[in-house]
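To start, the structure itself, in structure tokens.
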Amino acid sequence: SDRLDLHRKAAWAIFEKGLAYRDFTPASPAVENPTGSWLFNPGMRELEREDSDRRAQAGEPFVLRYRVPRETREEVVVHDLVYGEVTKATGDLEDFALLRSNGMPTYHMASCADDADLRITHILRGQEHLANTFKHVLIFEALGAEVPQTAHLPLLMAPDGAKLSKRIHGPVVSVTTYREAGFLPHAFVNFLSLLGWSPKNDREKMSQDELVELFSLEGINRSNATINFTEEDPFDPKAIWLNAEHIRSLDVSELARRLMPFAQKAGFTNVTPERLCAVAPLVRERIRLLGDIGTVADFFFADLQPYDPAELIPQKGDRAMAARALEKAQEVLTAAPAFDTKTLEAVLRRAAEELKLKAGQMFQPIRVAVCGRKNAPPLFETLEVLGRETVLSRLGDALGLLQ
2 SDRLDLHRKA AWAIFEKGLA YRDFTPASPA VENPTGSWLF NPGMRELERE
52 DSDRRAQAGE PFVLRYRVPR ETREEVVVHD LVYGEVTKAT GDLEDFALLR
102 SNGMPTYHMA SCADDADLRI THILRGQEHL ANTFKHVLIF EALGAEVPQT
152 AHLPLLMAPD GAKLSKRIHG PVVSVTTYRE AGFLPHAFVN FLSLLGWSPK
202 NDREKMSQDE LVELFSLEGI NRSNATINFT EEDPFDPKAI WLNAEHIRSL
252 DVSELARRLM PFAQKAGFTN VTPERLCAVA PLVRERIRLL GDIGTVADFF
302 FADLQPYDPA ELIPQKGDRA MAARALEKAQ EVLTAAPAFD TKTLEAVLRR
352 AAEELKLKAG QMFQPIRVAV CGRKNAPPLF ETLEVLGRET VLSRLGDALG
402 LLQ
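If you want it as structure tokens, here you go:
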């Protein structure tokens with residue numbers, strides 16, 4: 002570390018104040034607290050300074066330890082912004098190391114020396130570090146520095162109660178996983194913000210500006226936050242729901258811009274910004290992740306995948322009914338004076354009346370014929386975007402399947 006000299010100087014400054022001592026090889030049995038934990042070696046803690054200097058000058062290895070003030074102080078108090086006032090008896094604190102036997106500073110010494118030097122005012126970290134804070138309070142006081150405010154945050158846990166780990170839960174904790182699946186950055190931040198925190202009004206969907214306005218440390222929970230994922234699906238359902246909500250909030254041009262790389266990744270060769278702008282409002286309610294464009298809107302950009310001809314047959318109908326609907330659709334769509342949503346709806350509803358078919362019986366065969374599935378975006382808007390030539394071609398293909 003380029004700050005190594007700073008860390009060492011801070012440790013030796015504490016030593017010169019008599020608040021730390023050299024711990025050579027154990028000179029007497031260790032003192033333990035009632036739980037059996039090691040606290041200190043009396044022979045080292047009480048070693049005269051002259052003897053300590055002599056042994057150090059002779060090259061004897063030692064650890065520099067903080068001298069916890071058990072005789073003059075009963076407890077260390079931490080004022081945490083999440084946990085409130087937390088105390089620990091000095092009788093339960095070991096004489097912790099500041100410098101190792103190789104002269105390298107410990108985490109406690111280095112982090113406190115850096116924070117004091119940089120005049121850090123607030124420290125936010127995982128709740129697992131709350132136990133370290135008692136030692137850090139003592140170091141800050143020994144350095145004559147103001148003790149920063151701390152806020153210890155809930156940890157992120159797996160469904161089985163284990164702490165999230167990059168080694169064990171790699172895809173779940175990797176931002177790349179979410180980016181490649183098609184999470185919007187601000188939707189992902191929205192999801193992360195709700196892991197262990199909630200606003201006073203209990204809102205869930207928030208923009209980045211709203212998060213900045215509403216966030217406060219008082220809203221942080223003490224309970225750990227669980228990410229609900231499975232081996233098959235690394236995404237928490239709430240994360241997906243929030244992403245879908247944010248997708249619906251995007252205007253068409255912005256949604257189309259964000260969908261473009263995912264459409265290209267899906268292998269769509271005829272995708273253009275203009276065409277995506279036409280498709281985006283039709284699929285906006287149907288995609289939860291930007292990557293869904295590859296399966297939700299494939300029929301707009303590629304030939305239909307093979308589908309079961311039985312899907313063409315409407316409820317309470319048969320092949321003959323489906324064929325009549327498709328033949329009539331071919332006829333009226335060929336002759337339609339325009340190929341816009343309003344005209345298409347008018348001519349197809351009129352055709353259904355002429356055939357004495359219910360709307361669903363008329364429209365299901367058409368929807369499956371042009372989209373390859375029953376569950377698809379609004380029919381008339383879809384027909385307009387696909388265009389007359391493609392629609393008529395697919396209607397003909399569907400009739401061939403029925404025959």
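Just so you know, we're using this note's numbering here: the sequence shown kicks off at 2 and counts up by one. Glycine is no exception: its CB is placed at the ideal position from the N, C-alpha and C atoms. Here the structure is a predicted model, which is why all the values come from computation and not from measurement.
Beta-carbon separation of residue i and residue j under 8 Å?
{"i": "Leu283", "j": "Met261", "result": "no"}
{"i": "Leu139", "j": "Val77", "result": "yes"}
{"i": "Pro206", "j": "Glu255", "result": "The amino acid occupying residue 206 in the given sequence is Lys; Pro does not appear at that position. No, these two residues do not count as a Cβ contact at 8 Å."}
{"i": "Tyr308", "j": "Arg374", "result": "yes"}
{"i": "Ala182", "j": "Gly292", "result": "yes"}
{"i": "Gln331", "j": "Leu396", "result": "yes"}
{"i": "Cys113", "j": "His137", "result": "yes"}
{"i": "Ala323", "j": "Leu334", "result": "no"}
{"i": "Met110", "j": "Ala12", "result": "yes"}
{"i": "Leu212", "j": "Ser194", "result": "yes"}
{"i": "Ala326", "j": "Leu356", "result": "yes"}
{"i": "Pro160", "j": "Asn229", "result": "yes"}
{"i": "Val386", "j": "Phe301", "result": "yes"}
{"i": "Ala337", "j": "Val348", "result": "yes"}
{"i": "Glu75", "j": "Ala57", "result": "no"}
{"i": "Arg223", "j": "Tyr67", "result": "no"}
Ends of the alpha helix (DSSP H) at residue i?
{"i": "Trp198", "result": "Per DSSP, Trp198 belongs to no alpha helix (DSSP H) and is neither H nor E."}
{"i": "Ala111", "result": "Tyr108 to Asp118"}
{"i": "Thr151", "result": "Segment Gln150 to Leu154 is the beta strand (DSSP E) holding Thr151; no alpha helix (DSSP H) there."}
{"i": "Arg126", "result": "Here Arg126 belongs to no alpha helix (DSSP H); instead the beta strand (DSSP E) covers His123 to Gly127."}
{"i": "Glu346", "result": "Thr342 to Leu356"}
{"i": "Glu76", "result": "It is not in any alpha helix (DSSP H) - Glu76 instead sits in the beta strand (DSSP E) that spans Glu76 to Asp81."}
{"i": "Leu40", "result": "Premise fails: Leu40 lies in the beta strand (DSSP E), Trp39 to Phe41, not in any alpha helix (DSSP H)."}
{"i": "Phe141", "result": "Leu131 to Leu144"}
{"i": "Tyr179", "result": "Val176 to Ala182"}
{"i": "Leu327", "result": "Arg320 to Ala336"}
{"i": "Leu48", "result": "Looking at the DSSP string, Leu48 is not in any alpha helix (DSSP H), and its letter there is neither H nor E."}
{"i": "Thr296", "result": "Ile294 to Val297"}
{"i": "Asp6", "result": "Leu5 to Glu17"}
{"i": "Pro238", "result": "Pro238 to Ser250"}
Assign residue i to one of three DSSP states: helix, strand, or coil.
{"i": "Gln209", "result": "helix"}
{"i": "Tyr22", "result": "strand"}
{"i": "Ala90", "result": "strand"}
{"i": "Leu65", "result": "strand"}
{"i": "Ser29", "result": "Confidence in Ser29 is poor, its pLDDT being 48 and thus under 50, which makes the residue's placement too unreliable to answer from."}
{"i": "Arg389", "result": "helix"}
{"i": "Phe269", "result": "coil"}
{"i": "Ile228", "result": "coil"}
{"i": "Ile221", "result": "strand"}
{"i": "Gly85", "result": "strand"}
{"i": "Leu290", "result": "coil"}
{"i": "Leu165", "result": "coil"}
{"i": "Leu305", "result": "coil"}
{"i": "Met363", "result": "helix"}
{"i": "Met158", "result": "strand"}
The beta strand (DSSP E) spanning residue i covers which residue range?
{"i": "Phe189", "result": "Taken as a continuous stretch (DSSP letters only), Phe189 belongs to no beta strand (DSSP E), being part of the alpha helix (DSSP H) at Pro186 to Ser194."}
{"i": "Leu100", "result": "Ala98 to Leu100"}
Would you mind working out which of the options sits nearest residue i, comparing C-alpha positions?
{"i": "Asp319", "options": "Leu5, Ala298, Met363 and Pro338", "result": "Met363"}
{"i": "Ala21", "options": "Asp6, Ser38 and Glu47", "result": "Glu47"}
{"i": "Ile121", "options": "Ile228, Val148, Phe184 and Pro43", "result": "Val148"}
{"i": "Asp96", "options": "Ala117, Asp52, Asn42 and Gly60", "result": "Asn42"}
{"i": "Thr107", "options": "Pro366, Asp93, Ala117 and Leu65", "result": "Leu65"}
{"i": "Lys201", "options": "Lys357, Ala226, Phe216 and Pro62", "result": "Phe216"}
{"i": "Pro238", "options": "Tyr179, Arg368 and Arg68", "result": "Tyr179"}
{"i": "Gly197", "options": "Asn225, Ala188, Leu125 and Leu384", "result": "Asn225"}
{"i": "Val174", "options": "Val386, Thr227, Ala143 and Leu40", "result": "Thr227"}
{"i": "Glu61", "options": "Ala11, Asn103 and Ala323", "result": "Asn103"}
{"i": "Gly92", "options": "Leu212, Leu125, Arg55 and Val69", "result": "Val69"}
{"i": "Leu380", "options": "Ile367, Arg389 and Thr391", "result": "Ile367"}
{"i": "Gly388", "options": "Ala370, Glu346, Phe340 and Asp398", "result": "Phe340"}
{"i": "Thr231", "options": "Phe189, Met158, Ser38 and Lys266", "result": "Met158"}
{"i": "Ala221", "options": "Gly361, Thr26, Gln128 and Thr391", "result": "Rather than Ala, the amino acid found at residue 221 in this sequence is Ile. Among Gly361, Thr26, Gln128 and Thr391, the Cα nearest to that of Ile221 is on Gln128."}
{"i": "Leu94", "options": "Ala57, Thr134, Asp161 and Gln58", "result": "Thr134"}
{"i": "Leu165", "options": "Asp54, Arg223, Pro235 and Lys89", "result": "Pro235"}
{"i": "His130", "options": "Leu156, Ser53, Ala146 and Leu119", "result": "Leu156"}
{"i": "Gln209", "options": "Glu219, Leu218, Asp203 and Phe189", "result": "Phe189"}
{"i": "Phe141", "options": "Pro172, Leu99 and Arg126", "result": "Leu99"}
Within 10 Å of its beta-carbon, does residue i have 16 or more other beta-carbons around it, so buried, or fewer, so exposed?
{"i": "His153", "result": "buried"}
{"i": "Ile169", "result": "exposed"}
{"i": "Pro274", "result": "exposed"}
{"i": "Thr383", "result": "buried"}
{"i": "Asp299", "result": "buried"}
{"i": "Asp116", "result": "buried"}
{"i": "Ser29", "result": "Low confidence applies to Ser29: its pLDDT is 48, below 50, so where it sits in the model is not reliable enough to give any reading."}
{"i": "Gly19", "result": "exposed"}
{"i": "Gln365", "result": "buried"}
{"i": "Arg378", "result": "Residue 378 is actually Pro in this sequence, not Arg. So Pro378 ends up on the buried side."}
If we cut at 8 Å on Cβ distances, does residue i have a partner in chain B?
{"i": "Arg259", "result": "Judged by its chain identifiers, the structure shown contains no chain B, having just a single protein chain."}
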